[in-house]
Every structure is written in C-alpha cells, then in structure tokens.
Amino acid sequence: MDEIRSANPDLAEYLEDADVSLWSRVHCQGDKEKLRRWYWKRRGDALSLTTQHSRGVEHLLVVREEIAYTLRVQQIDGWKFFVKGGNRDCNVDLELQKCDCGVYQVKKIPCSHAIAAGTAAENIYPCVGQQVEARTCFPPKVKRGPRRQKKSRWQFWLELSRMRGRTPRKQHMVYRCSVCKETGHKRPQCKN
C-alpha cells in the first residue's frame, strides 16, 4: 500500500475508503467460504459412502448389472468366457481382467460382459479323498498310426547331401597362408 501511496496518493485514499474485498483477491471472503463449504460437503459425502466406489460408479455398475442379466454366457475354460448379446459378442478373461469391448481395460470398471461372466464363473475345487491321492496317474496309451511318421524338422543341406551319399555342393575352403604356404591360417595371422 505504501508503494501505491508514493506513486499516486489520491488512488491510495480512494482504495482505503472502498471495501477491501472489492479490489483485493486476498481479502475476498466469498471464495474462501465457498471452497470451505464445498470441501465440507464433499467430505461428508465421502464419509457416508458404504462401498469403496463413488455414487456415480455405483449407479453405473447397477445399470451394467441389469444389462448383464440379458446376456448369454458360455464358459471356455476356468477364467475365460464367451458372452453373447448386447451390441457385440465378446471374449472375457477374468484372470487378466480383459474384455474384447475394451471398456474393462480403459475405465478399470467391469463392463456388462465382465459382470455376466463373473456371475457365471463357478470354479469348484472339490476336496480330493485319500484314495485318489494315493493313486498315480499315467498318461493315456496312444497307438501310432500305420504310416511312416513325418519328420519334425527341416534338414540342413549338408545332412540331405550326406543322406543321398553324395558330396555336398558347397565345400568349405581350406585356407592356406600366402607367406609360409601352411594351412589353417591366412597372411594377416601368419607368425613368420
């Protein structure tokens, strides 16, 4: 205020006569009061929640749950499901939290397909008796077919030529030194 008074005394006198909240943002009580009420209301809303989700997310889950009741679910394996109906058919993986529609991955909130798959998921792990635990399980005996078995890999050109009893087309060169005329090394590696 002293800087304003030294620059323009009439302006300083006018500002002192006027209400400070009209020209200074620091002294405005309206914004502080508004923020204080807003935070108080939001804190009260957060404390009154019964779940970990906000009211908007809870409403969204209720709507998606109603849609999920109309969808048909086919189980692929323990965690994977094929969900038919709605806008599109989707594959849902509950273990990896993935759905073909992409909503589950992007918003991190289960889509209607994931909810339908979750209601159909019933992984039952029965208690195994001691009679079953003591037995050893062997793989089933598989009888081979009557024809010759197919080779499981492609053979290298050298293997093919040796099987036919011929010399291979590509012979490895035997290196000979141009200085000492010995085999096994070239001129740059020669010790002479």
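In UniProt numbering, the protein residues as written are 1 to 192.
Where is the CB? At the ideal position from N, CA and C, for every residue including glycine.
Tell me whether Gln75 sits in a helix, a strand or coil according to DSSP, three-state version.
Within the sequence shown, numbered from 1, the residue matching residue 75 stands at position 75. Reduced to three states, the DSSP call for Gln75 is strand.
Segments assigned beta strand (DSSP E), at least 3 residues, entirely inside the stretch 29-107:
DSSP runs (the beta strand (DSSP E)) wholly in the stretch 29-107: 72-75, 80-84, 90-93.
What's the call for Phe138, buried or exposed, on a 16-neighbour Cβ count within 10 Å?
Numbered from 1 along the sequence shown, position 138 holds the residue referred to as residue 138. Per the 10 Å Cβ criterion, exposed.
Please classify Thr119: does DSSP put it in a helix, a strand, or coil?
Your numbering for residue 119 matches position 119 in the sequence shown. Correct three-state label for Thr119: helix.
Just curious, the alpha helix (DSSP H) that residue 193 is in, first and last residue?
Past the boundaries of the shown model lies residue 193; the chain is included only from 1 to 192, so the question cannot be answered.
Near Val103, which residues of its chain fall below 8 Å by C-beta distance, leaving aside the five closest residues on each side in sequence?
What you label residue 103 is simply residue 103 of the sequence shown in a count that begins at 1. If we look at Val103 and ignore the five residues flanking it on each side, its Cβ neighbours are Ile109, Cys111.
Buried or exposed: Val92, going by 16 or more other Cβ atoms within 10 Å of its Cβ?
The residue you call residue 92 lines up with position 92 of the sequence shown. Per the 10 Å Cβ criterion, buried.
Since His59 and Val83 are thought to touch, with beta carbons under 8 Å apart, how far apart are those beta carbons, to the nearest angstrom?
Taking the first residue of the sequence shown as 1, we reach residue 59 at position 59. Taking the first residue of the sequence shown as 1, we reach residue 83 at position 83. Not a contact, Cβ separation roughly 22 Å.
For Pro9, report the span of its alpha helix (DSSP H) as first-last.
The residue you call residue 9 lines up with position 9 of the sequence shown. 9-17 is the extent of the alpha helix (DSSP H) around Pro9.
Could you check whether Lys107 and Leu94 sit closer than 9 Å to each other, using their CB atoms as the reference points?
The count along the sequence shown starts at 1 and reaches residue 94 at position 94. The count along the sequence shown starts at 1 and reaches residue 107 at position 107. It is not a contact, given that the beta carbons lie outside the stated cut-off.
Which runs of the beta strand (DSSP E) fall wholly inside the stretch 144-168 and span at least 3 residues, in chain order?
none
Within 10 Å of its beta-carbon, does Ala7 have 16 or more other beta-carbons around it, so buried, or fewer, so exposed?
Within the sequence shown, the letter at position 7 stands for residue 7. So Ala7 counts as exposed.
Spatially closest choice to Gly118 from Glu159, Val73, Tyr39, by CA coordinates:
Mapped onto the sequence shown, residue 118 falls at position 118. Cα-wise, what sits closest to Gly118 is Val73.
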